[in-house]
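First the structure, in the form of structure tokens, and then the observations on it.
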Amino acid sequence: MEGDSAPTIPAADVSSGVNGGMTVKECEQMIQKSLRTPMVKFLRENLEKSGCAIGDKFIKAIYCNTKVSGGYARGEGIVVCSNHMNIQDEVNQVVIHELIHAYDDCRAANLDWTNCAHHACSEIRSGHLSGDCHFKRELLRGYLKVRGHGQECVRRRVMKSVTANPHCSEAAAKDAMEAVWDVCYNDTKPFDRAP
Ligand SMILES: [Zn+2]
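Following this line, the structure appears as structure tokens:
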């Protein structure tokens, strides 16, 4: 549909990699469980309402050679990196994060993942709305909670993801993130407010 047919995985979300991970089969089972959580159900319903219903095979577990926890690619779906997952909560988190990318891809017909600002906007939204940066998870990552830390956490993760995009240098990623921050951080669709 877009001129650029090379599938881009716009979600290089670096995992903590503290433990050993799980098998693809174990991860597939956790993905199935995640589909029954309220957040995932809500996002799937909204994808369907927006004309982008997803089938049972849309979310897959795979072994990943790079240090990412998952990804989304237009026309291909969502992958969760089993070898970087340890608990159900992490799998839920990745599924929710990537579903927000899928939602953005669905609602914005002209979304261009090679455009650093477009990519940054979707990362800001998924970082903010998925709860990636909630207090407990940040503590698990070893970051101390201070006032305003939630936004700092989203910024850090947006930078990791956007700089992993071959079209975005570190400087371009930073500029793009700052330029779209307010609009995209405050855009909480399909939620009424940040969950
Ligand atoms: Zn992402």
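Counting from -16, one number per residue, gives the positions in the sequence shown under the numbering used here. Think of the CB as a built atom: it goes at the ideal place given N, C-alpha and C, for glycine as much as any other residue.
Check whether the Cβ atoms of residue i and residue j lie closer than 7 Å to each other.
i	j	result
I70	I42	no
R140	G110	yes
C167	C104	yes
V78	V23	yes
N98	S17	no
L26	L94	no
D88	R57	yes
G4	N66	yes
A156	T146	yes
Residue i: which of the options sits nearest, CA to CA?
i	options	result
R90	S144, G4, D170	D170
H101	K40, L30, C151	C151
T6	H84, I45, E106	I45
K50	C136, R19, V63, K157	V63
N29	D158, A159, Y86, D39	Y86
A92	I37, S33, C136	S33
E73	M13, Y55, R19	M13
D39	C47, G54, R19, H80	R19
State the CB to CB distance for the pair residue i and residue j, rounded to an integer number of angstroms; the pair is presumed to be in contact (CB under 8 Å).
i	j	result
M68	C116	Actually they do not touch by this definition, with Cβ atoms about 18 Å apart.
A154	L112	Wrong, their Cβ atoms sit about 27 Å apart, outside the cutoff.
E106	S144	5 Å
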